[in-house]
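In my numbering, the protein residues as written are 120 to 325.
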(Lines of atoms letter the chains of each structure in order from A and count residues from 1; the text may use other names and numbers.)
(Lines give C-alpha, C1' and ligand atoms only; values in the text may rest on other atoms or scores of the structure.)
Protein backbone atom coordinates (compact mmCIF):
# COMPACT_ATOMS: atom_id res chain seq x y z
CA UNK A 1 0.00 0.00 0.00
CA UNK A 2 1.10 3.56 -0.74
CA UNK A 3 0.28 6.28 1.76
CA UNK A 4 -0.91 9.83 1.23
CA UNK A 5 -0.52 12.13 4.20
CA UNK A 6 -3.67 14.02 5.25
CA UNK A 7 -2.29 16.64 7.61
CA UNK A 8 -4.54 19.16 9.35
CA UNK A 9 -5.11 21.42 12.33
CA UNK A 10 -8.65 21.60 13.72
CA UNK A 11 -9.99 23.66 16.62
CA UNK A 12 -13.69 22.75 16.64
CA UNK A 13 -13.68 19.58 14.54
CA UNK A 14 -14.83 20.76 11.10
CA UNK A 15 -11.41 20.56 9.45
CA UNK A 16 -10.84 17.15 11.02
CA UNK A 17 -14.14 15.94 9.57
CA UNK A 18 -13.16 17.24 6.13
CA UNK A 19 -9.88 15.33 6.44
CA UNK A 20 -11.82 12.09 6.92
CA UNK A 21 -13.84 12.68 3.75
CA UNK A 22 -10.68 13.45 1.79
CA UNK A 23 -9.21 10.23 3.19
CA UNK A 24 -12.28 8.37 1.92
CA UNK A 25 -11.61 9.63 -1.59
CA UNK A 26 -7.94 8.64 -1.37
CA UNK A 27 -8.83 5.11 -0.34
CA UNK A 28 -11.22 4.73 -3.26
CA UNK A 29 -8.07 4.21 -5.36
CA UNK A 30 -6.70 0.67 -5.29
CA UNK A 31 -3.40 0.36 -3.47
CA UNK A 32 -3.70 3.73 -1.74
CA UNK A 33 -4.34 4.54 1.90
CA UNK A 34 -4.64 7.79 3.85
CA UNK A 35 -2.34 8.56 6.78
CA UNK A 36 -4.21 11.01 9.02
CA UNK A 37 -2.03 13.30 11.13
CA UNK A 38 -2.42 16.55 13.05
CA UNK A 39 -0.18 19.13 14.74
CA UNK A 40 -0.07 20.28 18.38
CA UNK A 41 -1.41 23.70 19.27
CA UNK A 42 0.96 26.64 19.67
CA UNK A 43 1.05 28.23 23.12
CA UNK A 44 1.74 31.88 23.99
CA UNK A 45 3.57 30.59 27.09
CA UNK A 46 7.05 29.62 26.00
CA UNK A 47 7.41 26.93 28.69
CA UNK A 48 4.20 25.15 27.71
CA UNK A 49 4.48 21.92 25.73
CA UNK A 50 1.92 19.46 24.44
CA UNK A 51 1.96 15.77 25.32
CA UNK A 52 3.73 13.68 22.70
CA UNK A 53 0.47 11.85 21.93
CA UNK A 54 -2.88 13.70 21.67
CA UNK A 55 -5.76 12.64 23.91
CA UNK A 56 -7.92 11.77 20.90
CA UNK A 57 -7.97 11.93 17.12
CA UNK A 58 -5.05 11.53 14.75
CA UNK A 59 -1.44 11.22 15.97
CA UNK A 60 0.92 14.17 15.71
CA UNK A 61 2.84 14.41 12.46
CA UNK A 62 6.57 13.87 12.09
CA UNK A 63 8.74 14.93 9.17
CA UNK A 64 9.20 11.24 8.38
CA UNK A 65 5.52 11.12 7.44
CA UNK A 66 6.19 13.61 4.64
CA UNK A 67 9.14 11.58 3.41
CA UNK A 68 7.31 8.26 3.45
CA UNK A 69 4.08 9.41 1.81
CA UNK A 70 3.68 9.96 -1.93
CA UNK A 71 1.27 12.87 -1.65
CA UNK A 72 -0.11 15.44 0.77
CA UNK A 73 -3.50 16.95 1.61
CA UNK A 74 -3.01 19.94 3.91
CA UNK A 75 -5.90 21.46 5.87
CA UNK A 76 -6.43 24.38 8.24
CA UNK A 77 -9.24 26.59 9.49
CA UNK A 78 -9.00 30.21 8.41
CA UNK A 79 -7.14 32.61 10.67
CA UNK A 80 -7.69 36.14 9.30
CA UNK A 81 -7.32 34.77 5.78
CA UNK A 82 -4.26 32.70 6.62
CA UNK A 83 -3.44 29.19 7.81
CA UNK A 84 -3.41 28.49 11.55
CA UNK A 85 -0.17 29.22 13.41
CA UNK A 86 0.15 25.62 14.60
CA UNK A 87 0.26 24.30 11.04
CA UNK A 88 2.65 27.01 9.85
CA UNK A 89 4.94 26.29 12.81
CA UNK A 90 5.32 22.69 11.65
CA UNK A 91 5.82 23.64 8.00
CA UNK A 92 8.45 26.21 8.96
CA UNK A 93 10.44 23.35 10.45
CA UNK A 94 10.72 21.37 7.20
CA UNK A 95 13.82 23.10 5.83
CA UNK A 96 15.80 19.84 5.82
CA UNK A 97 13.25 18.32 3.44
CA UNK A 98 13.49 21.40 1.22
CA UNK A 99 17.29 21.17 1.13
CA UNK A 100 17.17 17.48 0.18
CA UNK A 101 14.35 17.92 -2.35
CA UNK A 102 12.41 15.12 -0.67
CA UNK A 103 9.00 16.47 -1.69
CA UNK A 104 9.75 17.42 -5.30
CA UNK A 105 7.19 15.96 -7.70
CA UNK A 106 4.78 14.80 -5.00
CA UNK A 107 1.21 16.04 -5.58
CA UNK A 108 -0.48 18.14 -2.92
CA UNK A 109 -3.87 19.73 -2.30
CA UNK A 110 -5.30 22.02 0.38
CA UNK A 111 -8.60 22.40 2.24
CA UNK A 112 -10.10 24.79 4.80
CA UNK A 113 -13.13 25.79 6.87
CA UNK A 114 -14.34 29.17 8.10
CA UNK A 115 -17.02 30.61 10.37
CA UNK A 116 -18.40 33.00 7.76
CA UNK A 117 -19.18 32.25 4.13
CA UNK A 118 -16.67 34.81 2.82
CA UNK A 119 -14.28 34.49 5.74
CA UNK A 120 -11.01 34.24 3.84
CA UNK A 121 -11.27 30.69 2.56
CA UNK A 122 -9.47 31.27 -0.74
CA UNK A 123 -6.61 33.30 0.77
CA UNK A 124 -6.18 30.62 3.44
CA UNK A 125 -5.96 27.98 0.72
CA UNK A 126 -3.36 29.97 -1.22
CA UNK A 127 -1.37 30.62 1.98
CA UNK A 128 -0.98 26.86 2.38
CA UNK A 129 0.05 26.49 -1.26
CA UNK A 130 3.03 28.85 -1.03
CA UNK A 131 5.40 26.67 1.05
CA UNK A 132 4.38 23.63 -0.99
CA UNK A 133 5.51 25.40 -4.15
CA UNK A 134 8.87 26.09 -2.48
CA UNK A 135 9.11 22.35 -1.81
CA UNK A 136 8.57 21.61 -5.51
CA UNK A 137 5.26 19.86 -4.97
CA UNK A 138 2.68 19.50 -7.74
CA UNK A 139 -0.41 21.45 -6.67
CA UNK A 140 -3.89 20.20 -7.46
CA UNK A 141 -7.21 21.99 -7.11
CA UNK A 142 -10.79 20.95 -7.75
CA UNK A 143 -11.69 21.12 -11.47
CA UNK A 144 -15.01 22.47 -12.71
CA UNK A 145 -15.75 19.05 -14.15
CA UNK A 146 -17.00 18.43 -10.61
CA UNK A 147 -20.62 19.54 -10.97
CA UNK A 148 -20.89 20.24 -7.23
CA UNK A 149 -18.43 23.11 -7.64
CA UNK A 150 -20.94 24.95 -9.81
CA UNK A 151 -23.94 24.16 -7.61
CA UNK A 152 -22.59 24.81 -4.11
CA UNK A 153 -24.28 27.34 -1.84
CA UNK A 154 -21.84 26.66 1.00
CA UNK A 155 -18.14 25.85 0.69
CA UNK A 156 -16.17 24.66 -2.32
CA UNK A 157 -13.55 26.43 -4.45
CA UNK A 158 -11.34 25.54 -7.43
CA UNK A 159 -8.34 26.07 -5.12
CA UNK A 160 -9.46 23.28 -2.81
CA UNK A 161 -12.35 21.95 -0.77
CA UNK A 162 -13.83 24.25 1.86
CA UNK A 163 -16.59 24.30 4.48
CA UNK A 164 -18.79 27.04 5.91
CA UNK A 165 -18.89 26.12 9.62
CA UNK A 166 -21.06 28.99 10.90
CA UNK A 167 -20.44 31.53 13.65
CA UNK A 168 -20.75 28.86 16.34
CA UNK A 169 -18.84 26.28 14.28
CA UNK A 170 -21.87 24.00 14.42
CA UNK A 171 -22.99 23.81 10.79
CA UNK A 172 -22.67 20.22 9.53
CA UNK A 173 -20.67 19.53 6.40
CA UNK A 174 -23.18 19.65 3.55
CA UNK A 175 -23.61 16.94 0.94
CA UNK A 176 -22.01 19.22 -1.65
CA UNK A 177 -19.01 20.00 0.54
CA UNK A 178 -18.63 16.31 1.33
CA UNK A 179 -18.75 15.42 -2.37
CA UNK A 180 -15.99 17.91 -3.16
CA UNK A 181 -13.79 16.63 -0.33
CA UNK A 182 -14.10 13.06 -1.61
CA UNK A 183 -13.45 14.17 -5.20
CA UNK A 184 -10.34 16.05 -4.11
CA UNK A 185 -8.97 13.02 -2.28
CA UNK A 186 -9.66 10.79 -5.27
CA UNK A 187 -7.90 13.13 -7.68
CA UNK A 188 -4.91 13.46 -5.33
CA UNK A 189 -4.52 9.69 -5.04
CA UNK A 190 -4.86 9.12 -8.79
CA UNK A 191 -2.22 11.75 -9.54
CA UNK A 192 0.15 10.48 -6.86
CA UNK A 193 -0.07 6.95 -8.25
CA UNK A 194 0.63 8.22 -11.77
CA UNK A 195 3.65 10.23 -10.56
CA UNK A 196 4.97 7.23 -8.63
CA UNK A 197 4.59 4.86 -11.58
CA UNK A 198 6.42 7.37 -13.79
CA UNK A 199 9.36 7.43 -11.38
CA UNK A 200 8.88 11.11 -10.54
CA UNK A 201 8.57 10.74 -6.76
CA UNK A 202 11.19 10.05 -4.08
CA UNK A 203 9.69 7.67 -1.53
CA UNK A 204 11.40 6.60 1.66
CA UNK A 205 10.26 3.46 3.46
CA UNK A 206 9.58 3.45 7.20
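Beta carbons are placed, not taken as given, at the ideal position from N, Cα and C, and that holds for glycine.
{"Check": "Taking the straight line between their C-alpha atoms, what separation do you get for residue 207 and residue 270?", "Outcome": "32 Å"}
{"Check": "Checking the sheet assignment: what are the DSSP bridge partners for residue 122?", "Outcome": "152"}
{"Check": "Where does residue 233 land, buried or exposed, given buried means 16+ other C-beta within 10 angstroms?", "Outcome": "buried"}
{"Check": "Let me confirm a value: residue 230 is counted as buried when at least 16 other C-beta atoms fall within 10 Å, else exposed. Which label applies?", "Outcome": "buried"}
{"Check": "Rounded to whole angstroms, what is the Cα-Cα separation between residue 245 and residue 324?", "Outcome": "30 Å"}
{"Check": "What does the alpha-carbon distance come out to for the pair residue 203 and residue 196?", "Outcome": "6 Å"}
{"Check": "Cutting at 6 Å between CB atoms, please list the residues of its own chain near residue 134, excluding the five before and the five after it.", "Outcome": "127, 194, 196 and 232"}
{"Check": "Rounded to whole angstroms, what's the CA-CA distance from residue 279 to residue 228? Just pull it up for me.", "Outcome": "7 Å"}
{"Check": "Bridge partners of residue 276, per DSSP?", "Outcome": "279"}
{"Check": "Starting from residue 413, trace the beta strand (DSSP E) both ways and give me its first and last residue.", "Outcome": "Since the displayed the chain opens at 120 and closes at 325, residue 413 lies outside it and no answer follows."}
{"Check": "Could you spell out the range, first to last residue, of the alpha helix (DSSP H) harbouring residue 284?", "Outcome": "Looking at the DSSP string, residue 284 is not in any alpha helix (DSSP H), and its letter there is neither H nor E."}
{"Check": "At a cut of 8 Å, does the segment 296-310 reach the segment 139-158 through at least three beta carbon pairs?", "Outcome": "yes"}
{"Check": "Using a Cβ-Cβ cut-off of 8 Å (strictly less than) and excluding sequence neighbours within five positions of residue 253, which residues of its own chain qualify?", "Outcome": "217"}
{"Check": "Could you tell me the alpha carbon to alpha carbon distance between residue 209 and residue 262, rounded to whole angstroms?", "Outcome": "29 Å"}
{"Check": "Residue 304 and residue 200 - do their beta-carbons sit closer together than 7 Å?", "Outcome": "no"}
{"Check": "How many Å lie between residue 111 and residue 219 at the Cα?", "Outcome": "Past the edges of the chain, shown from 120 to 325, lies residue 111, and the structure says nothing about it."}
{"Check": "Residue 222 bridges to which residues according to DSSP?", "Outcome": "Partner(s): none; residue 222 has no beta bridge."}
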